[in-house]
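Under our numbering, the first residue of the sequence shown carries the number -19, and numbering increases by one thereafter.
Backbone N, C-alpha and C fix where the C-beta goes; we use that ideal spot for every residue, glycine too.
Keep in mind the model is a prediction, meaning the values are calculated, not measured.
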Amino acid sequence: FSMDRAIKLAKDFGIGLVALRNTNHWMRGGTYGWQAADSGCVGICWTNTLPNMPPWGGQDIRIGNNPFIIAIPRSDGRHLVVDMAMSQFSYGKIEQYKLKGSQLPIPGGFDKDGNLTTDPEAIEETSRVLPTGYWKGSSLSIALDLVAAVLSGGNSTYDIGRLGEGEDEFSISQVFIAIDQARFNLPEISDEMVTNTIEFIKSSKPVDSETTILYPGERVLKTRQENLDQGIPVNETIWKEILSL
């Protein structure tokens, strides 16, 4: 509903912003970016969270990994969508690697000795995930958190942690922004800009023969098509737990 409202405002006035307070986990935040792009709007949205990450240089959990989305529409539906947390890996992704018995491809947090590690179990044990870009992700986390709280009149990560005593996440703050691209440029001109940029990026020589250069959102489109064709894969351990209920 919130992104729907932001889109409606954008169609009427060029830009729409909706800020929510006292809300809950938004599940798959990238969906709201795709929703805005499908309507022809640039979409920007984010949420704060309970404290689940140490600030850069600190050991104690004080900030959130605050998922952040930017979507840029394309007329063919192959939108460019950035969907990321302010941690190098989301906790959900770390859990996926742990269930597969795999190491992370790059360090994603710290072990109990304070060393960077690719071991998902060691990171879950300490809950010391690595901010994206080290101090940069830490700074962005703090800024996004406070903008969401200030615009909504709601809770910051500090407040959310006190309410849930560090374990339960509720009464969080979120921001949804939609910008009607057609108010600023002809759709065909915007399409050409995005396509030229993507083609230029993908023309870069890969670092090795097994690496494919993807633009933000391309992996989602590929995975969606695979799931439509082959079905949705479910981790065997999780599936057994579901069947045992």
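Using the Cβ count rule (16 or more neighbours within 10 Å means buried), how would you classify residue i?
i, result
"L223", "exposed"
"R204", "exposed"
"L79", "exposed"
"N32", "buried"
"Q39", "exposed"
"A129", "buried"
"P196", "buried"
"S67", "buried"
By how many angstroms is the C-alpha of residue j removed from the C-alpha of residue i?
i, j, result
"N46", "A65", "6 Å"
"Y114", "E101", "21 Å"
"I152", "K185", "43 Å"
"E221", "N215", "10 Å"
"P167", "T177", "15 Å"
"I140", "F150", "7 Å"
"S82", "D63", "23 Å"
"I86", "S183", "24 Å"
Is DSSP giving residue i helix, strand or coil here?
i, result
"P167", "helix"
"D188", "coil"
"M7", "coil"
"P122", "The sequence given here has Ile at residue 122, not Pro. Here I122 sits in helix by DSSP."
"I222", "helix"
"I193", "coil"
"I181", "helix"
"I212", "coil"
With DSSP as the reference, please indicate the residues paired to residue i in a beta bridge.
i, result
"Q154", "L0 and T27"
"P111", "S67"
"V22", "I159"
"M33", "I43"
Q.
Suppose only complete runs of 4+ residues qualify. What are the alpha helix (DSSP H) ranges in the stretch 40 to 104, listed by chain order?
A. Restricting attention to alpha helix (DSSP H) runs no shorter than 4 residues, the stretch 40 to 104 encloses them at 71 to 80, ordered along the chain.
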